[in-house]
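Data block below; observations after.
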Amino acid sequence: MSIMIICRRLPENSERRASSVFYGSKGLSPPALKMARKFRSVYPTFVIEMSPSCLRYCSVNVPAGFMRSHISKSPQFVTLKYMNRSWSVKLFKHSERYGSGRFSGGWLMFARETFLRRGDACVFELVEKNRVVFEVSIFRRSDYT
């Protein structure tokens with residue numbers, strides 16, 4: 001099983017709303033948070049703020065509630081796609097005790113090559129559960145400041 005994550009930027013007047021928000025660290029820029037909260041979808045979603053640790057280290061956490069409800073296989077390699085490019089990234093679950101997951105090997109390259117910065121917010125939308133396909137929307141802090 002593989003996961004395909006399709007990344008896209010939404011216009012400022014997006015009408016979809018995120019169903020859950022996960023904060024990577026304190027200090028999500030208010031404009032990016034505001035736009036992430038306006039994200040609406042009929043699909044399961046979660047939001048990750050790009051904190052310094054998300055951008056400096058080789059992994060980023062995926063919320064426990066989302067992992068428990070929607071991701072059964074671990075570890076597995078996923079494909080992140082953005083602007084006609086793709087990256088192979090590993091997704092795994094922490095122990096059942098903790099429940100959260102982690103995008104690891106390959107994440108840092110994806111973050112750098114898509115120019116993610118501190119305060120950017122990424123909304124991950126699970127649009128196809130059988131094949132585990134995500135669409136990712138990036139809300140750039142710099143677009144709202």
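Under UniProt numbering, the first residue of the sequence shown carries the number 1, and numbering increases by one thereafter. From the three backbone atoms N, C-alpha and C, an ideal C-beta is built for every residue, glycine too.
- The three-state reading of DSSP puts Gly65 in helix, counting H, G and I together.
- Around the Cβ of Pro63, a 10 Å sphere holds 16 or more other Cβ atoms; the residue is buried.
- Short of 6 angstroms from the beta carbon of Phe77, and not among the five residues preceding or following it, lie these beta carbons of its own chain, in chain order: Ser88, Lys90.
- Fewer than three beta-carbon pairs drawn from the region 105 to 117 and the region 63 to 73 are found closer than 8 angstroms, and the two stretches are therefore not classed as touching.
- Out of Leu116, Thr45, Tyr98, Asn84, the CA that lies nearest to the CA of Ile138 is found in Leu116.
- In this structure the region 90 to 101 does not touch the region 118 to 130; the number of beta carbon pairs closer than 8 angstroms is below three.
- In this structure, the straight-line span from the alpha carbon of Lys129 to that of Ala36 is close to 22 angstroms.
- By DSSP's assignment, Glu49 forms a beta bridge with Ala121.
- DSSP, read as helix, strand or coil, puts Phe110 in helix.
- The C-alpha of Pro31 lies about 9 angstroms from the C-alpha of Asp143.
- Arg40 carries a strand assignment under DSSP once its states are collapsed to helix, strand and coil.
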